[in-house]
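Colleague: There's a structure below that I have some questions on.
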Amino acid sequence: MALIVTAVVVVVLLLASRAIAGFYIDYLWHSSLERTDVFWGVLGSKLFLFAGFALLFLLLAALNLLIADRLAPSGFNGDTHVAVVRFHEVFGNRMRLVRVVAAGFLALIVAVPASGHWQEWLLFRNSVDFGKNDPQFATDIGFYVFRLPFLIFLFDWLFLAVLLVLLLTVAAHVLSGGVVIAPPMPKARRASKAHFAVLLSILAVLRAGAYWLERYQLTTERRGYVQGALYSVLKAQLPAVMLLMLIALLVAALFLYSIRTGSWRIPLVACALWVVVALFGGVIYPSVIQALVVNPNEKEKESAYIARNIEATRAALGLDQVETKSVTFGELTAKKVADNLEPIRDTRLLDPAIML
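Start counting the sequence shown at 20; every next residue gets the next number (the numbering used here).
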């Protein structure tokens, strides 16, 4: 036994040696610049995110496992799958330990990647306003720079965390007899279905929140040569995102309503509608608008939105206060052309149609 433990420790140290070396070299580099405060600040943010998100996931998992225990039937019936019975025979009184290990493992899975978003967290925590609003949503530009990246990550993380908690909860209900795995399809007690419905409604609400943030994200993404929302995005994709948000909220409400009816038929139909609208409204419809409406008359359709991009770029570079003056030119003669032949050769000719 001691030999096995020693071997495991050696393997772990070998695997971690590269990370330890990188950590120490990073510290030495910051120390050489006399900026160890930056090193410890970044490390502290990573540890804070890891601990915070791990604890949050464990709380969600513990709460739902406790609810699953409260909703569990008093015993198994004759339809209980043999694998479930065998699982109880093997682990017996160690079932609680199995749950703790499973929840802890999943907490590591979701917390380790979260620590890599320390930059978004620091931007969010130290966010300030620019004092200038974007032309589409009249929202301060500081929101896009400082707060939006972390909020997008947060909603994505919460969706993944609740999804994993749902899977863990389903496993708990299966092992407690709340869900019976039997042909032709598994059967769940009404209390178990209600528990699942609540978690599914939370997932739908989180997705609706992600759609709400996607509205802002659409105005900052790069498409071709232009950074920001263009005609097809604002006239097709943005309305589709708003419709998807409403459908997500409807699905959440229908799952909650299913607790009363005991049937998931209507929520599942709504989910199918959700998928169809996401495919058509999020992909097909914007592509059709781009091909049939924008491309035949791109200059007219896109010019107003490209002007927004140019105006914002000038403001960002401090060129928005440049004064434009008209210059009167004299008569162009052959002698003037001959005297300035070299500068003329270096002058670029730009087609305005191509530029737009």
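We treat Cβ as the ideally placed atom computed from N, Cα and C, and that holds for glycine.
Which residues in the same chain as G123 place their Cβ atom closer than 8 Å to its Cβ, once the five residues preceding and following it in sequence are excluded?
Modeller: Once the five neighbours on either side are set aside, the close Cβ partners of G123 are L77.
Colleague: Between which two residues does the alpha helix (DSSP H) carrying M114 extend?
Modeller: Where M114 is concerned, the enclosing alpha helix (DSSP H) stretches over M114 to S134.
Colleague: Could you pull the start and end residues of the alpha helix (DSSP H) that T366 belongs to?
Modeller: Per DSSP, T366 belongs to no alpha helix (DSSP H) and is neither H nor E.
Colleague: Counting beta carbon pairs with one atom in the segment 213-226 and one in the segment 265-282, are three or more of them shorter than 8 Å?
Modeller: Yes, since at least three Cβ pairs between the segment 265-282 and the segment 213-226 fall closer than 8 Å, the two stretches touch.
Colleague: What does N152 pair with, by DSSP beta-bridge criteria?
Modeller: Partner(s): D159.
Colleague: Going by C-alpha distance, which of A80, I363 and E321 is nearest V129?
Modeller: Per the Cα distances, A80.
Colleague: Pull up the DSSP beta-bridge partners for V27, would you.
Modeller: For V27, which the question treats as bridged, DSSP gives no partner whatsoever.
Colleague: V313 by DSSP, collapsed to three states: which one?
Modeller: Helix, per DSSP.
Colleague: Given a cut-off of 8 Å on the beta-carbon distance, is the pair Q256 and P305 in contact?
Modeller: The answer is yes: Cβ separation under 8 Å.
Colleague: Determine the contact status of S134 and K212, defining contact as a CB-CB distance below 8 Å.
Modeller: For S134 and K212, no; Cβs fall outside 8 Å.
Colleague: Measure the CB-CB distance between R166 and F143 and report whether it falls below 8 Å.
Modeller: Their beta carbons are under 8 Å apart, which means R166 touches F143 by this criterion.
Colleague: Taking 7 Å as the limit between beta carbons, can you name the residues of its chain near P286, skipping five residues before and five after?
Modeller: Within the same chain, P286 has close Cβ partners V270, L273, F274 and S277.
Colleague: Tell me the start and end of each unbroken alpha helix (DSSP H) in the segment 30-96 that is at least 4 residues and wholly inside, in chain order.
Modeller: Listed in chain order, the complete alpha helix (DSSP H) runs (minimum 4 residues) inside the segment 30-96 are 55-90.
Colleague: Using 7 Å as the cut-off, classify the Cβ of G123 as near or not near the heavy atoms of the ligand COA, replying yes or no.
Modeller: Judged by which ligands are present, the structure shown has none, so any question about the ligand COA falls away.
Colleague: From the DSSP output, which residues share a beta bridge with Q256?
Modeller: None; Q256 has no bridge partner.
Colleague: In whole angstroms, give me the CA-to-CA distance for A126 and I303.
Modeller: Each residue's alpha carbon lies about 38 Å from the other.
Colleague: If contact is defined by three or more beta carbon pairs under 8 Å, each pair taking one atom from either stretch, is the segment 191-200 in contact with the segment 146-161?
Modeller: Contact fails: fewer than three Cβ-Cβ distances are below 8 Å.
Colleague: Is it buried or exposed for G349, if we count other Cβ within 10 angstroms and need 16 for buried?
Modeller: Result: exposed.
Colleague: Taking DSSP's pairing of strands, which residues face A207 in a bridge?
Modeller: In DSSP, A207 forms a bridge with V198.
Colleague: State the CB to CB distance for the pair V252 and R234, rounded to an integer number of angstroms; the pair is presumed to be in contact (CB under 8 Å).
Modeller: Between R234 and V252 the Cβ distance is about 10 Å, and since that is not below 8 Å, they are no contact.
Colleague: Specify, as a first and last residue, the run of the alpha helix (DSSP H) that L287 falls within.
Modeller: R284 to L298 is the span of the alpha helix (DSSP H), which, as asked, contains L287.
Colleague: Please look up how many angstroms separate the CB atoms of P92 and G196, rounded, as I've assumed it's under 8 Å.
Modeller: Contact holds; Cβ gap of about 5 Å.
Colleague: Buried or exposed for A326, going by 16 or more other Cβ atoms inside 10 Å?
Modeller: When all chains shown are included, A326 counts as exposed.
Colleague: Name the DSSP bridge partner or partners of V164?
Modeller: V164 is not bridged to any residue.
Colleague: With a Cβ-Cβ cutoff of 8 Å, do R242 and L249 count as a contact?
Modeller: Closer than 8 Å, so yes.
Colleague: On the three-state DSSP scale, how would you describe V245?
Modeller: In the structure shown, V245 sits in a strand (DSSP, three-state: E or B).
Colleague: Cutting at 7 Å between CB atoms, please list the residues of its own chain near L170, excluding the five before and the five after it.
Modeller: If we look at L170 and ignore the five residues flanking it on each side, its Cβ neighbours are L232.
Colleague: What residues in its chain sit with their C-beta under 8 Å from that of L47, if we drop five residues either side in the sequence?
Modeller: Cβ within range, chain order: n/a, list empty.
Colleague: Please state whether DSSP places F274 in a helix, a strand or coil.
Modeller: F274: helix per DSSP, three-state reduction.
Colleague: Please state whether DSSP places V307 in a helix, a strand or coil.
Modeller: V307 falls in the helix class under three-state DSSP.
Colleague: Quick check on DSSP: helix, strand or coil for F143?
Modeller: Three-state DSSP puts F143 in a helix.
Colleague: Ordered along the chain, which non-local residues of its own chain (more than five positions away) have a Cβ less than 7 Å from that of R113?
Modeller: Once the five neighbours on either side are set aside, R113 has no close Cβ partner at all.
Colleague: Taking just the CA atoms, how far does W140 sit from A291?
Modeller: Roughly 35 Å between the two C-alpha positions.
Colleague: Decide if L68 is buried, meaning its Cβ has at least 16 other Cβ atoms within 10 Å, or exposed.
Modeller: L68 comes out buried.
Colleague: Quick one: grab the DSSP three-state call for V193.
Modeller: Helix, per DSSP.
Colleague: According to DSSP, simplified to helix, strand and coil, what is N379?
Modeller: The structure shown does not extend to residue 379, since the chain spans only 20 to 375, so no value can be given for it.
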